[in-house]
Amino acid sequence: MDVLRRITALLAMIGLIGLLLLLIWQVELHHERGSAIDEPAVVTLLYVAA
19 MDVLRRITAL LAMIGLIGLL LLLIWQVELH HERGSAIDEP AVVTLLYVAA
């Protein structure tokens with residue numbers, strides 16, 4: 019039973035790391051496709067600087 023628990027925990031950790039990498043990849047693709055003007059932080063900084 020202890021071995022099954024360890025295997026399940028290992029699979030869960032691998033799954034979570036995989037989801038994290040997928041999320042990072044999606045964010046990277048979003049930033050490659052979008053322009054910097056679309057970003058709210060950039061727009062806010064432009065208004066603060068003006």
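To convert, note that position 26 of the sequence shown is 44 in this note's numbering; the numbers rise steadily by one, no gaps. Don't be surprised by glycine CBs; every beta carbon is placed ideally from N, CA and C. Quick caveat: nothing in here was measured; it's all calculated off a predicted structure.
Spatial distance of residue i from residue j (CA atoms)
i   : j   : result
I35 : L47 : 18 Å
M19 : E50 : 47 Å
L22 : W43 : 31 Å
M31 : R24 : 10 Å
Reduced DSSP category for residue i - H, G, I as helix; E, B as strand; rest coil
i   : result
A19 : Correcting the residue type first, residue 19 is Met in the shown sequence and not Ala. Here M19 sits in coil by DSSP.
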